[in-house]
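The C-terminal residue of the sequence shown carries number 321 in this note's numbering, and the numbering is unbroken.
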Amino acid sequence: MEREPFAFFQNKFVPISQAKVSIMTHAFNYGTGCFEGIRGNWNPEAEQLYVFRLREHYERLLRSCRMLRISLPYNVQQLCEITRELIERNGYREDMYIRPIAYKGSLDLGPRLHDLEDHFAIFTVPLGLYLGDQGVRVGVSSWRRVDENAIPARGKVTGIYINNALARTEANDAGFDEAIMLTTQGTVCEGSGENLFLVQGGRLVTPAESETILVGITRNTIIQLARDELGIETVERQVARNELYTADELFMVGTAAHVTPIIEVDHRAIGDGTVGPVTRQMMASYFDVIRGRNPKYMDWLTPVYPARVPAR
Ligand code: PMP
């Protein structure tokens with residue numbers, strides 16, 4: 010039988026079956042937590058697992074914590090080291106996903122953020138492709154993305170995700186692979202777990218940060234790689250729904266989804282309905298970087314295992 014994986018829970022590494030919370034936990038009742046989704050990507054030639062932009066994920070987690078008035082006893086450096094050690098203990102030799110979560114752990118009633126204990130945990134799971142790589146069909150959701158003044162949308166807050174879950178299930182029930190949510194204003198926002206890019210006349214266009222998106226780390230990566238590797242500029246602006254239908258190409262990006270081509274929106278083919286050339290180049294460039302095959306971007310990667318001793 011496979012060894013049970015470890016989790017990080019209550020300040021120590023424990024077998025995951027021991028990492029349990031009470032049904033009275035505040036975060037379970039009110040969604041008062043925030044989390045991250047991080048990937049480790051396996052490179053078989055180097056026999057190394059590279060965690061992608063670990064620091065940036067923990068910087069975002071600590072920003073989410075500020076929105077929820079959660080204080081953790083760890084800084085970014087410590088969080089990175091705990092995470093690396095957890096993955097090493099679990100011994101993955103495949104693509105995997107890391108889920109840190111900071112939450113109100115008190116067993117106490119009443120929705121609020123103050124006078125509650127802050128807890129922190131991390132678990133890990135193996136994770137291959139999330140939406141496939143052949144191109145997905147998406148539908149614009151009737152559920153609007155939460156407004157910034159309803160819940161701070163830039164925070165990766167657990168309670169927000171009922172919004173995303175409603176959209177994703179509606180889309181799947183209607184036969185689509187994924188949803189695209191609009192802002193409360195009716196402009197294009199993002200997918201249920203991905204940011205969006207349009208290819209328009211040789212440029213990339215993506216909804217601006219002010220469009221209540223979750224400001225994605227993959228989104229930032231794609232903007233940089235497009236500029237520095239492909240020589241393509243990105244315009245960050247408001248995007249109208251009907252621009253989706255007439256884009257030359259469309260793709261979604263996110264930690265879980267990587268770069269996923271979109272071939273159809275609301276039953277309208279994008280371009281000729283196949284994966285376009287810019288999307289293909291973006292995918293190739295991005296996958297090289299996250300697997301440690303482009304030496305220029307090694308600063309973005311945290312190797313989990315000690316480097317192999319080179320043969321003499
Ligand atoms: N939007 C939402 C709603 C998400 O949940 C995610 C995944 N974290 C993203 C966008 C993409 O963010 P990132 O590239 O940082 O994973």
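Even for Gly, the Cβ is constructed at its ideal location relative to N, Cα and C.
All values derive from a computational prediction rather than experimental measurement.
Which residue's Cα is closest to the Cα of residue i: the options?
i, options, result
"T227", "T243, V248, E203", "E203"
"M33", "Q57, L118, Y314, N20", "L118"
"G36", "R236, G137, I169", "The amino acid occupying residue 36 in the given sequence is Ala; Gly does not appear at that position. Per the Cα distances, I169."
"C198", "V214, Q209, T133, R64", "V214"
"A176", "I189, E68, V274", "I189"
"E68", "Y295, R163, M261", "R163"
"A256", "G240, G263, R121, D281", "D281"
"Q86", "I241, S73, E65", "E65"
"M105", "H123, Q19, F132", "F132"
"E90", "H267, K21, Q143", "K21"
"L81", "V284, S219, H128", "H128"
"N52", "Y101, D182, G263", "Y101"
"L259", "I79, L138, I279", "I279"
"L70", "T167, E242, T193, S151", "T167"
"V193", "A159, Q19, A293", "Contrary to the premise, residue 193 reads as Thr rather than Val in this sequence. That would be A159, whose Cα lies nearest to the Cα of T193."
Strictly by DSSP, which residues pair up with residue i?
i, result
"T312", "Note on identity: in this sequence residue 312 is Pro, with Thr being the wrong assignment. Paired residue(s): Y59."
"H128", "Y112"
"R277", "V274"
Buried or exposed for residue i, going by 16 or more other Cβ atoms inside 10 Å?
i, result
"N173", "buried"
"G141", "exposed"
"G42", "buried"
"E11", "exposed"
"I171", "exposed"
"E56", "exposed"
"K165", "buried"
"A180", "buried"
"P216", "buried"
"A130", "buried"
"V134", "exposed"
Would you tell me roughly how many angstroms separate the C-alpha atoms of residue i and residue j, rounded to the nearest one?
i, j, result
"R277", "R212", "21 Å"
"V248", "A316", "45 Å"
"I96", "G46", "14 Å"
"F17", "G200", "30 Å"
"N50", "A265", "11 Å"
"G40", "A111", "11 Å"
"P161", "S26", "33 Å"
"G114", "S73", "16 Å"
"T196", "L116", "40 Å"
"N99", "P14", "6 Å"
"L205", "Y306", "23 Å"
"A243", "K29", "The amino acid occupying residue 243 in the given sequence is Thr; Ala does not appear at that position. If I take the Cα positions, the gap works out to 44 Å."
"G225", "V287", "20 Å"
"M261", "V208", "11 Å"
"M291", "G263", "13 Å"
>> Using a Cβ distance threshold of 8 Å, determine whether the region 128 to 147 contacts the region 261 to 273, with at least three qualifying pairs required.
In response: yes
>> For the region 222 to 240 against the region 51 to 69, do three or more pairs of beta-carbon atoms, one drawn from each stretch, fall closer than 8 Å, so that the two count as touching?
In response: yes
> With a cut-off of 8 Å, do at least 3 Cβ pairs link the region 181 to 195 to the region 233 to 240?
Replying inline: Counting Cβ pairs under 8 Å, fewer than three are found: no touch.
> With a cut-off of 8 Å, do at least 3 Cβ pairs link the region 292 to 312 to the region 75 to 86?
Replying inline: no
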